Amino acid sequence: PEFRELASFTYFDFVANELVQGNPELTRSLINNYDFRFENFAGAGELYAVGLFYKDFNDPIEQILVASSAFEPTRSYRNAKSATTYGIELELRKSLGFVSSWLNEFSFVSNVTLMKSNIQFEETNNNSGETFQENERPLQGQAEYIINFGLYFDDIESGLNTSIVYNKVGQQISKVGFGGLGNVIEMPKDLLDFSISKRLFSVLSLKLTIKDLLNQDKRYIQQAPGGDKPYEINRIGRSFSVGLSYQIF
């Protein structure tokens, strides 16, 4: 555990708008990792890869919600008994020159991960009032899939580089529920980023980056017996940045 997770005091998280309370009774988590990966480098800058993984957790640490005397949500941490995560990862880096010589400067990059997780508890509640909703469920913070796609253009002679990258993460448990309230679920969001850079002189470059082009809301729901209810909605907004870099060597 990190120091902030162990510290026996409470502080206010202004971003999440909630109290955070450490748990000095946390114990160290141990993880056994088993990985198999096959890679094929078909050409310069090209890659085909497939990976299998299995992770066995002992005393995993999760973020949980606990109830204060005023029933005010407070974020804290707790060890579970055990957890497992397993899945497959597919990766591809491929030049588009095989389609046409006009596309020699273009390349496509993708990465897809599919996984399953399961966490178990020795008990469903304790004297402090914390109550887990199930004896078994997915690991907190673990999504069932992660998707990344990117299209890149790189012209070495002119010094022009552009990229557009897409990312999406499946729904995941953001915070484990307490009392009669269910888990807080972070819903999937489509992320699209764009960047372009140009070498102006041999040592000077200009770069423009736009993040979160789609500007979708970041939504959280909370599970409830009568149906899922909205918990929180955030809109971070698009971000624009312009940079000028000078290469000394």
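Per my numbering, the very first residue in the sequence shown carries number 449; after that it's consecutive.
Even for Gly, the Cβ is constructed at its ideal location relative to N, Cα and C.
All figures in this text were calculated on a predicted structure; none of them were measured in a lab.
Other residues of its chain near Phe554: CB distance less than 6 Å, five sequence neighbours each side excluded:
Leu544, Phe601
Between the Cα of Gly493 and the Cα atoms of Phe460, Asn566, Glu539, which residue gives the shortest distance?
Glu539
Where does Gly545 fall in DSSP's three states?
helix
Cβ neighbours of Glu466 in the same chain (closer than 7 Å, five flanking residues each side left out)
Pro521, Thr522, Arg523
So for Glu466, helix, strand or coil by DSSP?
strand
Mapping DSSP to helix, strand and coil, what is Phe688?
strand
Can you check whether the CB of Ile681 is closer than 8 Å to the CB of Asp660?
Not a contact, by the Cβ cut-off of 8 Å.
Label Tyr525 either buried or exposed according to how many other C-beta atoms from any shown protein chain fall within 10 Å of its C-beta, with 16 as the threshold for buried.
buried
When burial is assigned at 16 or more other CB atoms within 10 Å of the CB, is Ala490 buried or exposed?
exposed
Measure the Cβ-Cβ separation of Asn631 and Ile644 and say whether it is below 8 Å.
If you check the CB distance, Asn631 and Ile644 do not come in under 8 Å.
First and last residue of the uninterrupted beta strand (DSSP E) at Glu634
632-634
Using a threshold of 8 Å, state whether the C-beta atoms of Asp474 and Pro449 are closer than that.
Before going on, a small fix: residue 474 reads as Leu here, not Asp. In contact: Leu474 and Pro449 (Cβ atoms closer than 8 Å).
Considering just the uninterrupted stretch of the alpha helix (DSSP H) at Glu680, what are its terminal residues?
It is not in any alpha helix (DSSP H) - Glu680 instead sits in the beta strand (DSSP E) that spans 677-682.
Whether Ala497 touches Glu510 by CB criterion (8 Å)
Not in contact: Ala497 and Glu510 (Cβ atoms no closer than 8 Å).
Find the nearest neighbour of Ala455 within the set Val468, Phe462, Arg485, Val463, judged by alpha-carbon distance.
Val468
In angstroms with no decimal places, state the Cα-to-Cα distance between Lys655 and Val463.
30 Å
Which same chain residues, not among the five before or five after Leu608, have their C-beta less than 6 Å away from its C-beta?
Lys646
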